[in-house]
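Asker: Let me give you the structure first, and then I'll get to my questions.
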Amino acid sequence: PSSASQPRWVAKGDMCVVPEHGLVVVEASGGRDGRFAVRASDKQRAQVPVDVMRAPREERYAWAPGTKVAYLSASLGTWIDATVLSFNPSSSTYNLDVRQE
-3 PSSASQPRWV
7 AKGDMCVVPE
17 HGLVVVEASG
27 GRDGRFAVRA
37 SDKQRAQVPV
47 DVMRAPREER
57 YAWAPGTKVA
67 YLSASLGTWI
77 DATVLSFNPS
87 SSTYNLDVRQ
97 E
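Position one of the sequence shown corresponds to residue -3 (my numbering), numbered consecutively onward.
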């Protein structure tokens, strides 16, 4: 079997972090307006723009290798498309397929 993961997007059932709601579950992928339907632990539902969604920092909710993401590069001051390679449980960080110059 190949070690490369198939590309995927954040989708229904995935967990993410949203500032006003904390850890939420994605109920529907982004529509025409780029918003995702999410449900918080208190059952509150919301429509949130993709640019406020963040990857979970808990291993059990970590996004799978192959997940497409956007990474805010501090050195370039812009968002860069990237793909999750792995999750580091000891530091609660992700390895992405981008390199800092």
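For glycine and all other residues, C-beta sits at the position ideal for the given N, C-alpha and C. Predicted model only: the values in this text are computed from it and were never measured.
Please state the DSSP three-state secondary structure of Val14.
Answerer: Reduced to three states, the DSSP call for Val14 is strand.
Asker: Could you check what DSSP says for Arg56 in three-state terms: helix, strand or coil?
Answerer: Correct three-state label for Arg56: helix.
Asker: May I have the straight-line CA-CA distance separating Val6 from Ala70, to the nearest angstrom?
Answerer: The straight-line gap from Cα to Cα measures roughly 23 Å.
Asker: Which of the three DSSP states, helix, strand or coil, is assigned to Val123?
Answerer: Nothing can be reported for residue 123: it is not among the residues displayed for the chain, which extend from -3 to 97.
Asker: Is there contact between the region 26 to 39 and the region 53 to 60, where contact requires at least three CB pairs shorter than 8 Å?
Answerer: Segments in contact, no.
Asker: Under a Cβ-count criterion, where at least 16 other Cβ atoms within 10 Å of its own Cβ denotes burial, should Ala51 be classed as buried or exposed?
Answerer: Buried is the call here.
Asker: Just grab the DSSP bridge partners of Val46 for me.
Answerer: Partner(s): none; Val46 has no beta bridge.
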